[in-house]
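Residue numbers (this note's numbering): 1420 to 2047. Built from N, CA and C at the ideal position, the CB exists for glycine as well. Below is one structure; the comments refer to it alone.
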């Protein structure tokens, strides 16, 4: 039976680098470092951390507010008091205290023994692995500073990939989500590689990134795309001082959101400029055209009418006075196109809701949700409008790129509005290569990141399916096929496809090994359990034919080395931590590791006959080996 990981972040890894003050004081302050990697229902003092199988003790610390700022700065000073009150109700008195010298009670990890035992130095860090997300349990592995410094190429790639995921997350869930939700969406969007190979802390990433920033929305901080801050309803303090307009835009956005208007200040600016570009005359009555009488009634009900009229009039006058139609030669037509698309999208959303055409239930998180997909397109349109609002305008070449992008948005809108998400364009299936039915592949399957290595050599007929290869790997690695898996061959993904994949994952039961590998693939990867994240490299050692060694009709185990890591043993980091504990002097850690691995576990031992029997047994339980 295959099942997803038990919770979103179980098995995720992230980097924590204690400050000099923490090392000197023998403590580790949770702070924002553990967000979003623990469930929000967990109180900060209920977080649990383990090293070598032993739980780290907790202690209370009295600390000045000013000294704690660094541990909560990622989410802004306004979250500091909130976090501290959640930690200890006695900190509620801080709400009425403005002095930074006021002391708060903070629950911290007591690190006196680990720091001393590890010879911990400034710059050293911990790779923290989520052991149980719902319970707030983590495993910490010491990572010396020199190891972090040696990973410059990986750091560069990690930053680039995480930046792209962060931007997608900001655009997808919008500016009204809390920073914790934005961060969670970014991490989940980034995928297994990002959360299994942390090279910098989340705070380091945000502080050093030139594209991702922190801005203000509705008096609260949010992560923003610096170049598109107006789209995210956010303007930095520096921009407020520079332009004199942006503070009004913030106020207008606040009114829009408060009155549930599908509108942003950037979009409002776009409507005004569109009217000016198209010689539509006075924009005085634009508000009525955009919002209708029902919005007017809502504004009156909330006593926002006067403020709304004052802000919109002020902004209209400023935009009109500065508008240059000649500079808008390329932006203007595209902005009109954007506004047409936006109105089409909003009408489609309204129609979908009224017709209830799709089976969309909150009880089924995996159900197809056209509303979310449509809103993602709306976010893209908003972003483009914000770019087109730039007074400097755009050039001819840029205009062509914009029009191409808008054409794709338009096509997607049509599909969503008429047919639904199941008809969105999907990736074409992998091309099947010619197969030689009397051949077999000699494959070395090695678990990445473990020394001494854990390797299994298999002879696999070319007519075996990738699904059957997966079952064979499960048998020889001692796993029980309890989690999801995936092959990556020549840039193509094979596994258990779902509707959400949009064709990016091909069904591995429909492809024979020979059809995928042919004669030109020398290596590919196999991943199992997206929580523990066992990553294996599969190397093609040789291609054999019937003229050579006898080719069996089913996979055969030829040789191997290293003991099989048990199911749910924490992936590479967790497994290595258990091995270290098994050979250590700490009795508690040793007992924990022995319970998990087995008391007679020897990581170097490989039993060829026993493993062969396990493979044969697995093949007998399966069906159709050598067939499709």
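- Between the stretch 1862-1869 and the stretch 1909-1917, the count of Cβ pairs shorter than 8 Å is below three; the stretches do not touch.
- When Cβ pairs closer than 8 Å are counted between the two stretches, the stretch 1574-1585 is seen not to touch the stretch 1478-1489, the count staying below three.
- Cβ atoms of residue 1692 and residue 1743 stay farther apart than 8 Å, at about 10 Å.
- Shown here, residue 2035 sits in a helix according to DSSP, grouped into three states.
- For the stretch 1927-1958, the full-length alpha helix (DSSP H) segments reaching 4 residues or more read 1932-1936 along the chain.
- A straight line joining the alpha-carbon of residue 1623 with that of residue 1640 spans about 18 Å.
- Selection 1882, 1485, 1502, 1429 evaluated against residue 1464 yields 1502 as nearest (Cα-Cα).
- Bounds of the beta strand (DSSP E) holding residue 1911 are 1911-1914.
- If you ignore the 5 residues before and after residue 1509, its C-beta comes within less than 7 Å of the C-beta of 1524, all in its own chain and listed in chain order.
- Minimum Cα-Cα distance from residue 1561 among the listed residues 1539, 1951, 1829 corresponds to 1539.
- A residue is called buried once 16 or more other Cβ atoms fall within 10 Å of its Cβ, and residue 1872, having fewer, is exposed.
- Boundaries of the alpha helix (DSSP H) around residue 1889: 1885-1896.
- Taking a C-beta distance under 8 Å as the contact criterion, residue 2023 and residue 1981 qualify as a contact pair.
- Cβ neighbours of residue 2031 within its own chain (closer than 7 Å, five residues either side excluded): 1976.
- Of the residues 1544, 1555, 1506, the one whose Cα lies closest to the Cα of residue 1474 is 1555.
- Counting only residues of its own chain and dropping the five nearest sequence neighbours on each side, residue 1806 has no CB closer than 6 Å to any other CB.
- Within the stretch 1573-1645, the alpha helix (DSSP H) runs of at least 4 residues that lie entirely inside it are, in chain order, 1598-1609, 1611-1615, 1621-1627.
- Look at residue 1698 here: in three-state DSSP terms it is coil, with no helix or strand label.
- Scanning 1451, 1582, 1725 for the CA closest to the CA of residue 1606 turns up 1582.
- Remark: fewer than three beta-carbon pairs, one from each stretch, lie closer than 8 Å, so the stretch 1988-2003 and the stretch 1849-1862 are not flagged as touching.
- Here residue 1558 carries a strand assignment [DSSP, helix/strand/coil].
- Sequence-distant partners of residue 1889 (beyond 5 residues in either direction) whose C-beta falls short of 7 Å from its own C-beta, in its chain, are 1904, 1927.
- Pairing residue 2003 with residue 1933, the inter-Cα distance amounts to about 46 Å.
- Collapsing the DSSP output to three states places residue 1548 in a strand.
- Boundaries of the alpha helix (DSSP H) harbouring residue 1440: 1439-1444, taken from the DSSP string.
- Looking at the DSSP output, residue 1979 shares a beta bridge with 1875.
- With a cutoff of 8 Å on beta-carbon distance, residue 1989 and residue 1953 are scored as not near each other.
- By the C-beta density criterion, residue 1634 is buried, having at least 16 other C-beta atoms within 10 angstroms.
- A Cβ-Cβ contact shorter than 8 Å links residue 1862 with residue 1960.
- Take residue 1598, set aside five residues on each side of it, and the residues of its chain with a beta-carbon closer than 7 Å to its own are 1494, 1640, 1641, 1642, in chain order.
- Residue 1486: member of the alpha helix (DSSP H) spanning 1484-1487, first to last residue.
- Burial state of residue 1506 is buried, judged by a 10 Å Cβ sphere holding 16 or more other Cβ atoms.
- Rounded to whole angstroms, the separation of the alpha carbons of residue 1828 and residue 2010 is 58 Å.
- Here residue 1938 is exposed: its Cβ has fewer than 16 other Cβ atoms, across all protein chains shown, within 10 Å.
- Around the Cβ of residue 1630, a 10 Å sphere holds fewer than 16 other Cβ atoms; the residue is exposed.
- DSSP, reduced to helix, strand and coil, places residue 1461 outside both helices and strands of the structure shown, so it counts as coil.
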